[in-house]
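Which chain is which? The protein sequence lines are A and B, in order.
Under my numbering, think of the first position of the first sequence as 96, with each following residue one higher.
Under my numbering, think of the first position of the second sequence as 732, with each following residue one higher.
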Amino acid sequence: MGFIRKLLPPEKWTFPVIITVAAFTGLASYSFYISNAPSYLGDKPETCVNCHIMAPQYATWSHSSHRETTNCNDCHVPQNNVFSKYYFKAKDGLRHATVFTLRREPQVIFIREDGKEVVHRNCIRCHENLLTDSRLMLYSDKIVMDRKDRKCWECHRETPHGRVNSLSSVPYARVPLPESPVPEWLKKTREK
Amino acid sequence: MKSVQDIVKEKPWVGWLLFMVTVIVVFLLGLLASSIIERRAEAVFAYSPKITFSDFEPRDAKWGEIFPREYSSYLKTSETNFKSKHGGSAMMDVLEVSPELVVLWAGYSFSRDYNQGRGHYYAIEDIWKTIRTGAPSEQVPSPQPNTCWTCKSPDVPRLMNEIGVAEFYRGTWDTKGSEIINPVGCADCHDSRTMNLRISRPALLEAFESMGKDITKASHQEMRSLVCAQCHVEYYFNGNKVEGVQYLTLPWSEGTTLEEMEKYYDNIEFADWIHGLSRAPMLKAQHPDYEVYLTGVHASRGVSCADCHMSFISEGGQKFTSHHIQSPLNNIANSCQVCHREETARLLEDVYMRQDKILENRAILEELLVRCHVEAKTAWERGATETEMQPVLNDIRRAQWRWDFTAAGHGNSFHSPVETGRIITSGITLAQEARIKLSRILVSSGYQGEVPYPDISTKEKAQEYIGLDMESLRKAKNNFLEEVLPEWIEAGKQRERSYDLTE
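Here is the structure:
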């Protein structure tokens, strides 16, 4: 407590300090608002196209059979427990945000090694029965090999995004890109 | 520990440092905020084309300059070389395949000419050529109203915007011949500013209103079916809405199932025509594709029309929605197999199996309906009274409505085989009910034995049987195509040239 008290400004400075700190907080919350930050806690696929460079991924998913049963997070973040889910999400999300903000995105986005592992495990999570034969109850080399020495999409190459995913691969695809952050009531006053 | 104030008092440079650090942090925060805004703004134009044409541009080629892939795939709707077991992209004379239909539609223009249509590319050409629209000239108007143009062209929303909806419908079909010359195309489904899907036809908007639903709440996925439902639905011409206008109306206020629409028509005592043989007040089902699709398993799993009929394709590293709207059977890999990982031949077999079984019973119903009409005609000839015939005619009306409902939508037996099968079954029951009542009437009039089934083995024989003079109808049509039509086209082209000047 003593330490905090040391940081507190002297009485006569209270007013300018309040204004300054509030300006900071305001600017920070503005960034928070225009970046749709709260949406990142949820699972909606629309969140991923907050960055428009994800449009090819969104468009290909929404034209695939996986759109009926999965969202982005079902495959691309770990689903084994809530901690690893949010840890991975935060880790990946912050990297993506940094790359996007610095405009360092490549023309063709490839998934990274740890991302691959997550997706592979998630394929198995739902399609487990395709890989095991419960009637046999025995250890089969083939089952282990198929799961461990290759990734599902080495054969299922079109699932679900297809093979070509450059930033310009879906010209004019209709994806739910973020709308103007200006609230309706403000727009209305402007129209008048 | 000293307070910050004391430190600054001792070493003023610390104060300056604090000041500079704060300036830098706020500056960077501001940069971050503007970067976010900039990248958001990018999204608006990164996926929005720069449009150089007006809101209601009816010429697809203009849109095609900006959307070459979509446009060139759309042009493939001109192909007529695909043939499936029961359909395909080529024109098929349905009356020739099933001459029974001539008798079912006696007294109605469909008995003159009915083809399975071709792709959207031919929407205008085919309505020019069909005998149903008659052979208008300066002396003789077309038997059809302008309402018939409604589903044929992006010139329709353009003209509706210019003169109003009811005024568009007003008058006979020939009076707007030079206004409507472009076949179904871009502006029918797309908003030219955003390229989002939009509803351009008032009938669907009004139908949603009549059901108390808000179509603007539809999701993008629903819109991928609703733009098709602007035309591929059951409709009728309401003569009571606006004085002297055949107002295009979807009979949906009770609901969209066969029974609910029947109730709607019964409530307003509507009949499309009085049958030429049986004198029954008939209903003509148009093409309730969307309504039947809604009752099927694909609809309940969230699959839209575009998912199968306009598949997502890849061409030269670009992925886009194919605008070659066609039978999914001509592109099973990009339609069925997106979800169903079966062999192509197996999938085809599944479709044909459903179609064959439905057609088997539909053919039975067709023959029964011919018998109904012929037997009713005989009953009238032998002096049956209105009161006696009234319940019979009602059965015939309902039975044929059921038959037509399943036959008019060419995809019904696959879109919803169970519902389609159910409808045909109830149609067969109603037709037999009518015939039981008819045989009582015939017996009481002293008629012995079976009423002979007419020789309607070919389209020509059937048309002769119901008393049509096809020769002169065809001659008049050819005359129209040679004399009048070129004038329409020339006047339309002339009008469009003036668009370019004003742009």
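Using N, Cα and C, we set each Cβ at its ideal position, and we do this for glycine too.
All figures in this text were calculated on a predicted structure; none of them were measured in a lab.
Suppose you measure from the CA of C1070/B to the CA of Y839/B; what does that come to, to the nearest Å? Here residue 1070/B refers to the residue found at position 339 of the second sequence. Here residue 839/B refers to the residue found at position 108 of the second sequence. Between C1070/B and Y839/B, the C-alpha separation is close to 43 Å.
Could you tell me the distance, in whole angstroms, from the CA atom of R252/A to the CA atom of A117/A? For this step, residue 252/A is matched to residue 157 along the first sequence. For this step, residue 117/A is matched to residue 22 along the first sequence. Cα-Cα distance, rounded: 52 Å.
Taking the alpha helix (DSSP H) that K1235/B belongs to, which residues open and close that run? Lying outside 732 to 1234, the shown extent of chain B, residue 1235/B is not represented and no answer is given.
Taking Q1068/B as the reference, which of K243/A, S160/A, S126/A, K101/A has the closest Cα? Taking the first residue of the second sequence as 1, we reach residue 1068/B at position 337. The option with the nearest alpha carbon to Q1068/B is S160/A.
Three or more C-beta pairs below 8 Å linking the stretch 819 to 832 of chain B and the stretch 1189 to 1201 of chain B: By the criterion of at least three beta-carbon pairs nearer than 8 Å, the stretch 819 to 832 of chain B is in contact with the stretch 1189 to 1201 of chain B.
For E1234/B, does the count of other Cβ atoms within 10 angstroms reach 16, so buried, or fall short, so exposed? The residue given as residue 1234/B occupies position 503 in the second sequence. At E1234/B the pLDDT is 48, less than 50, meaning the model places this residue with poor confidence; the figure from the coordinates comes in the next sentence. That one is exposed.
Suppose contacts are defined by Cβ-Cβ distances below 8 Å. Is W859/B in contact with L1216/B by that definition? Locating residue 859/B in the second sequence gives position 128, where the first residue counts as 1. Locating residue 1216/B in the second sequence gives position 485, where the first residue counts as 1. Yes, the Cβ-Cβ distance between W859/B and L1216/B is below 8 Å.
Residue of N1209/B, P867/B, T878/B, G1180/B minimising C-alpha distance to N969/B: The residue given as residue 969/B occupies position 238 in the second sequence. Ranked by Cα distance from N969/B, the options N1209/B, P867/B, T878/B, G1180/B are led by T878/B.
Below 7 Å CB to CB, which residues in the same chain sit around V825/B once its five sequence neighbours on both sides are set aside? Taking the second sequence and counting its residues from 1, the one referred to as residue 825/B is at position 94. Cβ neighbours of V825/B beyond the five flanking positions: L832, Y845, N846, Q847.
With a threshold of 8 Å between beta carbons, is Y778/B in contact with chain A? As a first step, residue 778/B must be located in the second sequence, where it is residue number 47. For Y778/B, the nearest CB of chain A lies under 8 Å from its own CB, placing it at the interface with that chain.
Chain B contact residues for V270/A, given Cβ-Cβ distances below 8 Å: Counted from its first residue, the first sequence places residue 270/A at position 175. Under a criterion of Cβ atoms nearer than 8 Å, the residues of chain B adjacent to V270/A are, in order, Y778.
Quick one: is T142/A near chain B, going by C-beta distance under 8 Å? Taking the first residue of the first sequence as position 1, residue 142/A is located at position 47. Answer no: the Cβ-Cβ gap between T142/A and chain B never drops below 8 Å.
Kindly indicate which three-state DSSP category K814/B falls into: helix, strand or coil? Position 83 of the second sequence, counted from the start, is the residue given in the question as residue 814/B. In the structure shown, the three-state DSSP call for K814/B is strand.
Assuming C167/A and C143/A are in contact, meaning their beta carbons sit under 8 Å apart, how far apart are those beta carbons, in whole angstroms? The sequence position of residue 167/A within the first sequence is 72, counting from 1. The sequence position of residue 143/A within the first sequence is 48, counting from 1. The Cβ separation is near 5 Å, so the contact holds.
Which residues of chain B have a Cβ atom closer than 8 Å to the Cβ of S126/A, listed in chain order? Working through the first sequence from its first residue, we reach residue 126/A at position 31. Within 8 Å Cβ-Cβ: L760, L763, A764, I767.
Can you tell me which of the three DSSP states N998/B falls into? Taking the first residue of the second sequence as position 1, residue 998/B is located at position 267. Note: N998/B maps to helix in three-state DSSP.
Residues within the stretch 190 to 213 of chain A neighbouring chain B, beta-carbon criterion of under 9 Å: So the list reads F195, T196, L197, R198, given in the order they occur along the chain.
Supposed contact pair V973/B and P680/B - C-beta distance, whole angstroms, cut 8 Å: Chain B is shown from 732 up to 1234; residue 680/B falls before or after that span and cannot be answered.
8 Å contact criterion, which S956/B and C1036/B should meet: CB distance rounded: By 1-based counting over the second sequence, the position of residue 956/B is 225. By 1-based counting over the second sequence, the position of residue 1036/B is 305. At roughly 5 Å, the Cβ-Cβ gap stays under 8 Å, so S956/B and C1036/B are in contact.
Taking 8 Å as the CB-CB cut-off, is H158/A touching chain B? As a working note, residue 158/A is residue 63 in the first sequence. Using beta-carbon distances, H158/A counts as an interface residue toward chain B, with a partner under 8 Å.
For H1018/B, which residues from the same chain have a beta carbon less than 7 Å from its beta carbon, with the 5 sequence-adjacent residues on both sides left out? Sequence index remark: in the second sequence, residue 1018/B carries index 287 (1-based). For H1018/B, where only same-chain residues beyond five positions count, the Cβ hits under 7 Å are H963, A1139, G1140.
Would you tell me roughly how many angstroms separate the C-alpha atoms of Q1057/B and S1066/B, rounded to the nearest one? Position 326 of the second sequence, counted from the start, is the residue given in the question as residue 1057/B. Position 335 of the second sequence, counted from the start, is the residue given in the question as residue 1066/B. For Q1057/B and S1066/B, the gap between their C-alpha atoms comes out near 11 Å.
Output the distance between the C-alpha atoms of Y1024/B and S1144/B, rounded to the nearest integer angstrom. For this step, residue 1024/B is matched to residue 293 along the second sequence. For this step, residue 1144/B is matched to residue 413 along the second sequence. Rounded to whole angstroms, Y1024/B to S1144/B spans 10 Å at the Cα level.
Any chance the stretch 1220 to 1231 of chain B sits against the stretch 868 to 882 of chain B, with 3 or more Cβ pairs inside 8 Å? Verdict: no, contact absent.
Closest to S1042/B by C-alpha separation, out of A132/A, T155/A, E200/A, T120/A, would be which residue? Taking the second sequence and counting its residues from 1, the one referred to as residue 1042/B is at position 311. When each option's Cα is compared against that of S1042/B, the closest is T155/A.
Between the alpha carbons of I1172/B and Y1178/B, how many angstroms are there, rounded? Counting from one through the second sequence, the residue named residue 1172/B turns up at place 441. Counting from one through the second sequence, the residue named residue 1178/B turns up at place 447. Each residue's CA atom was taken as its position, placing I1172/B and Y1178/B some 9 Å apart.
Among I1155/B, E769/B, I755/B, whose alpha-carbon lies nearest the alpha-carbon of R198/A? Working through the first sequence from its first residue, we reach residue 198/A at position 103. Of all alpha-carbon atoms in I1155/B, E769/B, I755/B, the one lying nearest the alpha-carbon of R198/A is that of E769/B.
Between the stretch 1028 to 1051 of chain B and chain A, which residues of the former have CB atoms less than 9 Å from a CB of the latter, in chain order? Per Cβ criterion, the list reads R1032, G1033, V1034, D1038, S1042, F1043, S1045, G1048, Q1049, K1050, F1051.
Can you say whether F1211/B is buried or exposed, counting buried as having 16 or more other CB atoms within 10 angstroms of its CB? If you number the second sequence from 1, residue 1211/B lands on position 480. Result: buried.
Contacts that N927/B makes with chain A (C-beta to C-beta distance below 7 Å): Residue mapping note: residue 927/B aligns to position 196 of the second sequence, counting from 1. Those within 7 Å of N927/B in chain A are R269.
Collapsed DSSP secondary structure at N971/B in the structure displayed: Numbered from its first residue, the second sequence carries residue 971/B at position 240. Three-state DSSP puts N971/B in coil, outside helix and strand.
To the nearest angstrom, report how far apart E741/B and L748/B are at their CA atoms. Reading the second sequence from its first residue, position 10 is the one you call residue 741/B. Reading the second sequence from its first residue, position 17 is the one you call residue 748/B. Rounded to whole angstroms, the separation of the alpha carbons of L748/B and E741/B is 14 Å.
Does the distance from the CB of P789/B to the CB of I855/B come in under 8 Å? As a position in the second sequence, residue 789/B is number 58, starting the count at 1. As a position in the second sequence, residue 855/B is number 124, starting the count at 1. A distance of 8 Å or more separates the beta carbons of P789/B and I855/B.
Range covered by the alpha helix (DSSP H) that runs through N804/B: If you number the second sequence from 1, residue 804/B lands on position 73. Correcting the residue type first, residue 804/B is Ser in the shown sequence and not Asn. First-last of the alpha helix (DSSP H) with S804/B: 799 to 806.
Close beta carbons around F183/A, own chain, < 7 Å, minus the five adjacent residues each side: Translated into positions along the first sequence, residue 183/A becomes position 88. Answer for F183/A: V172, P173, V213, listed in chain order.
Is any beta-carbon of chain A found at less than 8 Å from that of C1070/B? Numbered from its first residue, the second sequence carries residue 1070/B at position 339. Closer than 8 Å to some Cβ of chain A, the Cβ of C1070/B qualifies, so yes.
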